[in-house]
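There are 2 protein chains.
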Amino acid sequence: MTPDASSSSIERLVAVLVVIFTVEAGKLRILLIRRSADPFKDHWSLPGGRLLPADSLAEAATRRLEVETGVTDVFLEQLYTFSDLDEAGSIAAAYWALVDPNRAKLPDRLEWQPRWYAVDDLPDLAFLNGNVVQYAVTRLRNKLAYSNVAYSLLAAEFTLSQLQQVYEAILGRSMDKRNFRKRIISLDIIEPTGRFSGQGRHRPAQLYAFKERRPVVF
Amino acid sequence: MTPDASSSSIERLVAVLVVIFTVEAGKLRILLIRRSADPFKDHWSLPGGRLLPADSLAEAATRRLEVETGVTDVFLEQLYTFSDLDEAGSIAAAYWALVDPNRAKLPDRLEWQPRWYAVDDLPDLAFLNGNVVQYAVTRLRNKLAYSNVAYSLLAAEFTLSQLQQVYEAILGRSMDKRNFRKRIISLDIIEPTGRFSGQGRHRPAQLYAFKERRPVVF
DNA sequence: GCAAAAGTGTTCTCTGTACACCCATGT
DNA sequence: ACATGGGTGTACAGAGAACACTTTTGC
């Protein structure tokens, strides 16, 4: 047995990718970085990297999320594991995360220039990252319907209108205000805090908080 | 850099596991094999094995499924990728499959002695395979509600009663015959073949077939 | 007083569920 | 004739969708 390329070894290069979502300015966005090396130099791609010795997949994904956004206590879940994103036969475990845009601070001095892109207006992506993003968007939309994952996209307190805007941005359609409120309240996942958002020349809005700031499935 | 154990290499051992389901004698069952080597010698475990050079994950899972059951053209889907099933830091990509018990022929001369076990009466499993099975059962139950995956558990033609028994075995509860038929027919995934099952001292049953014998999501 | 967003109910349709009897066949 | 599984319809309840006006505040 020759000890040369990975394609003849019994072991494999294993990488982690992270699809980091946020909702900002009424749009669902993901974080992309610009590749500084070949292959696909100067193309945009999902943040990711090699799995280090003794890393679990979740640890590697968490670390990469923190490097890019500075946050760790957010929703983060495995998405799918690909074995055909490149020609080298490496394995890529994709994760997805949801972050509040006001908490995520992108380190803009980094050489890979992280940037938020609206998912309905993405640039060409390196490798087959476009497939990964599509898969992640589908999973997010499904999960929104039967879990409280939206907690991870909002501040601790928020108005019902803000929550509705998050849902509308993710699902890509507008909803009826009365039906949305009825449904969310009947799910019993949020509660009024008693405080009000007193800003703007209009009636102040009741502030709400999620009862659980961790994943709950209905 | 030392070339010794996998825990100090940048590459990883990658394995594939397969949770192979069937429904037989009114019970949801999975295929287990008896380990012939340490660790966990003589314990039961899920079939699996190393990812060979140039294998994709799906190829490795398909091959393992064929070795165990002789079938390949069945429902097979990735489940989850684990990095903490053993202490060696290896990566295990779990898949799940659905097979018709009449087509799966277990090679009973194999040293690992494959056997069907009812999921509600499993023996102690090696590694953390119990978690994997639980996860697969949950996924199967969910998927049953919004896809046609049951096609892969039945012969090409079947009666509505046989189909209902499959659903009841998977979900672990009995259903009303009239409501079941109404719902399945309204899903528009099966059609009558015009032939009848003329066996038994009772009225012959209309035979049905799935319109698509490949995964369709509603 | 006016602009802007907050807040609130009713009606209808559709889906899921509960429930019981006759039919065709083999022995 | 009887035992066995095959086959069928109706009524009720709950969920989701459509739809418009009043309230509170800042300016």
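Protein chains in written order, with this note's numbering: chain P, 1 to 218; chain A, 1001 to 1218. Idealized CB from N, CA, C, for every residue including glycine.
Count the other CB atoms, across all protein chains shown, that sit within 10 Å of the CB of valine 1137 of chain A; report buried if there are 16 or more and exposed otherwise.
buried
How many whole angstroms separate the CB atoms of valine 1099 of chain A and valine 1071 of chain A, which I take to be in contact at a CB cut-off of 8 angstroms?
6 angstroms
Measuring only the C-alpha atoms, how far is proline 192 of chain P from phenylalanine 1127 of chain A?
45 angstroms
Assigned secondary structure, leucine 125 of chain P (DSSP; H/G/I helix, E/B strand, else coil)
strand
List the endpoints of the continuous alpha helix (DSSP H) containing arginine 1201 of chain A.
No alpha helix (DSSP H) holds arginine 1201 of chain A; DSSP gives it neither H nor E.
Going along chain P, which residues have a C-beta under 7 angstroms from aspartate 1084 of chain A?
Ser56
Strand pairing of threonine 1081 of chain A, partner residues [DSSP]:
A/Ala1093
Please report how far the alpha carbon of serine 1008 of chain A lies from the alpha carbon of aspartate 1055 of chain A, in whole angstroms.
The predicted model places serine 1008 of chain A with a pLDDT of 49, which falls under 50 and marks its position as unreliable, so this point remains unresolved.
Quick one: what's proline 192 of chain P bridged to in DSSP?
P/Tyr208
Rounded C-alpha distance that separates leucine 1125 of chain A from phenylalanine 180 of chain P:
46 angstroms
Report yes if the C-beta of valine 16 of chain P is less than 8 angstroms from at least one heavy atom of the ligand GTP; otherwise report no.
Absence of the ligand GTP from the depicted structure is noted, as is the absence of any ligand whatsoever, leaving it without description.
Report the residue from A/Ile1189, A/Pro1204 and A/Gly1194 whose alpha carbon sits nearest the alpha carbon of proline 1215 of chain A.
A/Ile1189
Whether or not the segment 1064 to 1083 of chain A and the segment 191 to 209 of chain P are in contact is what I'm after, with contact meaning three or more pairs of Cβ atoms, one per stretch, closer than 8 angstroms; do they touch?
no
If you reduce the DSSP assignment to three classes, tell me which class serine 186 of chain P lands in.
helix
Would you list the residues sitting across from leucine 1013 of chain A in a DSSP beta bridge?
P/Glu11
Where serine 1152 of chain A falls, given that 16 or more other Cβ within 10 Å makes a residue buried
buried
Would you mind sorting glycine 1130 of chain A into buried or exposed? The rule is 16 or more other CB atoms within 10 Å of its CB.
exposed
Cut-off 8 angstroms between Cβ atoms - residues of its own chain near leucine 1171 of chain A, not counting five sequence neighbours on either side
Arg1141 and Leu1144
Alpha carbon to alpha carbon, how far is tryptophan 116 of chain P from arginine 201 of chain P?
31 angstroms
CB contact flag (valine 1019 of chain A, isoleucine 1030 of chain A, <9 angstroms)
yes
Chain A contact for tyrosine 135 of chain P (CB, 9 angstroms cutoff)
no
Contacts that tyrosine 1080 of chain A makes with chain P (C-beta to C-beta distance below 7 angstroms)
Gln78
With distance defined between alpha-carbon atoms, name the residue in A/Lys1105, A/Val1014, A/Tyr1146 and A/Lys1211 nearest to leucine 1052 of chain A.
A/Val1014
Rounded to the nearest angstrom, how far is the Cβ of proline 114 of chain P from that of glutamate 68 of chain P, given a contact under 8 angstroms?
6 angstroms
Using a beta-carbon distance below 9 angstroms, is glutamate 1011 of chain A in contact with chain P?
yes
By a C-beta neighbour count over all protein chains shown, 10 Å radius and 16 as the cutoff for buried, is alanine 1005 of chain A buried or exposed?
Caution is warranted here: a pLDDT of 39 is assigned to alanine 1005 of chain A, below 50, making its placement in the model unreliable, and no coordinate value can be reported.
Determine, using beta carbons only, whether leucine 1052 of chain A comes closer than 9 angstroms to chain P.
yes
Proline 1003 of chain A classed as buried or exposed, judged by whether at least 16 other C-beta atoms fall within 10 angstroms:
Residue confidence is low: proline 1003 of chain A scores 38 on pLDDT, short of 50, so the model does not pin down where it sits. No coordinate-derived value is stated.
Exposed or buried, what is phenylalanine 1218 of chain A when buried is set at 16 or more other beta-carbons lying within 10 Å of its beta-carbon?
exposed
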